[in-house]
Every structure is written in structure tokens, then in C-alpha cells.
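All remarks here apply to the structure that follows.
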């Protein structure tokens, strides 16, 4: 246990551990906000759009950072932008419900 704790206490790992903590917190809050909104009957189309937009920005910014660092090709964040735009346009204009289409996987 002690060698593992000493290994995690290395100063050069602090940014990586902080990033992992932020990502875990973002995933947890993203999951629970939808559950709470549905349980208390406060889910709205505007809140749903805000949630999806926040998810989109989180993923796209993370991938853009990885692209700047040369870890992934630039096409990946660009394709995420195209896919999200298509999802919103399809949901609002072609599905005629003016709400984002949900899937069982997304809940």
C-alpha cells in the first residue's frame, strides 16, 4: 500500500490526477442531473438542450486539446461538431417535435 501511495504522490502526476478527478466529477454530475430532473418532474426541452450542449462542449474541447497536443488527428473534433449539428437539426426540424430525440442508451 505504501509504495502505491508514494507512487501517486509524485508531483509530476498531479496534473493527470486532477484531470482524472475533473473528468470523473463531470461524468457523475452529468449522469445525476438528468436522473434528478426526471424524478422531480423538472425536465424540460430547454434543459435537455443545455445538457446536450454541455456534453458536446466538454467532449469537443477535450478532443481539441488532444488534437493540439498531437495525440489525435484534427478530424475527430471536427466530426464531433458535424455529428452534434446533425443531431440537433434532425431533432428540431425533421422530427417535427421541437425536442431532442432521446434514446434508451442516452438515459
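Residue numbers (the UniProt record's numbering): 1 to 107. All residues carry an ideal CB built from backbone N, CA and C; glycine is no exception.
Quick check: the Cα distance between residue i and residue j, rounded to an integer number of angstroms?
i          : j          : result
residue 67 : residue 60 : 10 Å
residue 87 : residue 35 : 22 Å
residue 25 : residue 4  : 23 Å
residue 82 : residue 89 : 11 Å
Taking DSSP as the reference, what is the three-state secondary structure of residue i?
i           : result
residue 39  : helix
residue 15  : helix
residue 100 : coil
Using CA atoms only, rank isn't needed, just tell me which of the options is closest to residue i.
i          : options        : result
residue 30 : 18, 69, 57     : 57
residue 63 : 28, 89, 23, 91 : 23
residue 91 : 70, 28, 74, 52 : 52
residue 33 : 48, 20, 19, 21 : 48
Are the C-beta of residue i and some C-beta of chain B separated by less than 8 Å?
i          : result
residue 69 : The structure shown contains no chain B, having only a single protein chain.
Between which two residues does the alpha helix (DSSP H) harbouring residue i extend?
i          : result
residue 70 : Per DSSP, residue 70 belongs to no alpha helix (DSSP H) and is neither H nor E.
Below 8 Å, how does it come out for the region 34-51 and the region 71-81: are there three or more Cβ pairs, yes or no?
no
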